Structures are given as structure tokens and as C-alpha cells.
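In the numbering used here, the protein residues as written are 674 to 1042.
Spelled out as C-alpha cells, the structure:
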């Protein structure tokens, strides 16, 4: 019965060729919850989108602290946080829908990543989707990474499939969030991977001196580049690995933080910004490339200066409008959820290294009696 109802809804949506989707993203940097509402449509085998409404809700107080430390929690405490975050997301989505008077066809939620351990074949996100479905009564798509990981893939990055469908006019798409990831729009073979940590480390050392993050790079601008640290960072073994490859908080804690313990936060911030700029430019193989920059790090003026400092191949780094910088990931997760709902491919094996490409995600649509 469930399958028949789902097929009928797909047929109905495809006839209209306009899909109304809410996309939800909670990033590894724990800044907040990004919500976007988009219309998607397809024309001559090309996908298009229109961002109608978007909002970012900051995590505050106890909830933010719990999310920062969630990977250290006991099983029971983690499950409690899963429900708490699910209720928080549901409340904000309900307010969002009411405020803008929208009627989405479906809701696509990434959740907040707690564990992402490829060796153990684990990728776990919280923000209980059943709470969201029960209260909003719209189809909910969640758990995008697990099937890819179980199939031998990295389960990351996931945004490349959105990049090649929605932003194909760029040679590269770069998102500077908790982790900096890159997509090369290669017509023959999609290439994408996590380049290096970004805001996970920058925010951590900003909090050490009383700031949630280094706004505009003001704090890092008062530090100095330590060439000894920079050399150690650039020698990390991860950079010698060929893709597919990905980073997670546990791997970052193991590879990066031990190298930074003895140094002052301001100098770490300044040096790490240089490290990010260097590694990004090293990752771009084509000369004179047209590159889209998005994510919270795109607002960091010192980081942008560092990127240009190491730009020796005349690349054109392009900053889009503020909404696209902030909400590109939630837009793409809305798109990935739509592709899953339509039973179409949304993860490419050449990116993740899985045995096969997949239509990844779980659909919650109607109750069983």
C-alpha cells in the first residue's frame, strides 16, 4: 500500500514539473540550523532551482554545547539529544512554514553528524526525523550517508551531485564550512572530496579566546604565521592520499589538534588560515579556473586573502550573493532529498568510492496500521 501511494504521488508531482522542497542542514561547525525552501524543475534534462525563502537559526546555550560535545556522550544521553534536536528542528520548521505560508511537497533533513568513521562503516546523524514527520505531516527524507558507507564508500562529500546539476557553469565548487570540500565539474568523471578542515578548527580556537567564531578574520589578523606549524600541517599524511577521501571530527582530532597544542590561539588561527588557502589552491588542477566559493568561511576576509595569496594559476574565485553563500548546502540537501523521493540517483560512486552509485536516503511517508 505504501509503495502504491508513493508512486501515485511521484506521478502527480512529475506531471506538474515543479517540486516544492524544504532543505535542512546542520553543519559540523555547530553554527546553527540552515533552512531553505526551493522550487525545483527540470527542462531538457537539466535541473533548475529557485530559492524562495531561507533562514538560519543559531544554536544557543546548552543545546549548542551539547552538539559540540555530542560525540563524547553515552548512548542514552545521545538518544535524548536526538529527540531534543528533533523537537527543535520541528519547532523551527513549523514556524518557517507558517511565517511564509508555504505548502512543501517534502522535507529533506541532513541531521547533525555525531560519528563518521569509515573504517568502522559508521555514519550517524541526530535530529529525530520521526518527530518532524509526526508533527508536520509531510514526507521526510533523512539518513543520506549510511547506505553509501555500508557499500564501501566514504559517505562524503554529498553536495557534489547537487553541484554538477545546479551549478554546472563553474569549473569548481568549493564550500568552506566546518570542513572545506571541493567538486570538480568534470564531464567525464565527477571528482570531489574533503580538502581540509576549516571552521571546525578556526571556531575551536576562536572559542578559546572568547568568540564563537573569528568574524571577518579580525582575530586571526592580529596573529602571525608560524612557519614551523605550517610545515607540520602541510605534511599531514591525509594530503598524500588520493580520493575518494573524507574527514570527520574524530580524524581531525587525531591528525591536527596534537600539532597545535603548544601554540597561542591567535597564531594558530593566522597560520591555519594560510594552511587552508594553500591546500585549496593545491587541490585545483586546472589553470584559470572559475570557482564558486560558498559556506561560512567565505565571509572570512583573512581567509579570502590567504586564498588569493596562494593563487598562482590565475583562478577566478567568485563570491555569489549572501543567501547562496549561506544556504547552498541546505538547497542541495533539498535537491538530494527530492532525487531520493523520485527514486533517482543522488550519490555518485566516483566521488565516494562506493561499489555502486545510489539513490540514498530513507523516506518517511505514511503510517502502517
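Glycine included, each C-beta is placed from N, C-alpha and C at the ideal position. Please read these numbers as outputs of a predicted model, since none were measured by experiment.
Contact set for residue i: own chain, Cβ-Cβ below 7 Å, skip 5 residues either direction
i	result
residue 841	858
residue 852	701, 867, 870, 871, 873, 920
residue 1030	1018, 1020, 1021, 1022
residue 947	898, 903, 979
Three-state secondary structure assigned by DSSP to residue i
i	result
residue 846	strand
residue 796	strand
residue 937	coil
residue 931	helix
residue 884	coil
residue 966	strand
residue 854	strand
residue 868	strand
residue 913	helix
residue 716	strand
residue 908	coil
residue 1035	strand
residue 898	coil
residue 836	helix
residue 790	strand
residue 922	helix
residue 892	coil
residue 818	coil
residue 829	coil
residue 954	helix
residue 1062	Outside the shown range of the chain, which is 674 to 1042, sits residue 1062, and nothing can be said about it.
residue 942	helix
residue 807	helix
Those residues which DSSP pairs with residue i across a bridge
i	result
residue 699	706, 785
residue 729	707
residue 779	694
residue 813	780, 1037
Same chain, Cβ closer than 8 Å to residue i, neighbours up to 5 away in sequence not counted
i	result
residue 754	739, 740, 743, 746, 799
residue 691	712, 713, 714
residue 683	1014, 1015, 1016
Cutoff 6 Å; reference residue i; Cβ partners in own chain excluding five residues on either side
i	result
residue 1012	1019
residue 876	702, 886
residue 968	848, 849, 850
Residue i, buried or exposed, once every other Cβ within 10 Å from all chains shown has been counted against 16
i	result
residue 674	Confidence in residue 674 is poor, its pLDDT being 41 and thus under 50, which makes the residue's placement unreliable; the coordinate value appears in the next sentence. Its Cβ having fewer than 16 others within 10 Å, residue 674 is exposed.
residue 926	exposed
residue 895	exposed
residue 769	buried
residue 939	buried
residue 796	buried
residue 750	exposed
residue 827	buried
residue 762	buried
residue 931	exposed
residue 687	exposed
residue 923	exposed
residue 775	exposed
residue 810	exposed
residue 1046	Nothing about residue 1046 can be read from this structure; the chain reaches only from 674 to 1042.
heavy atom of the ligand NAD below 8 Å from residue i C-beta
i	result
residue 738	Absence of the ligand NAD from the depicted structure is noted, as is the absence of any ligand whatsoever, leaving it without description.
- Of all the beta strand (DSSP E) runs that stay within the bounds of the region 973-1029, which reach a length of 3 or more residues? 989-991
- Message: Suppose only complete runs of 4+ residues qualify. What are the alpha helix (DSSP H) ranges in the region 722-771, listed by chain order?
- Response: 734-742
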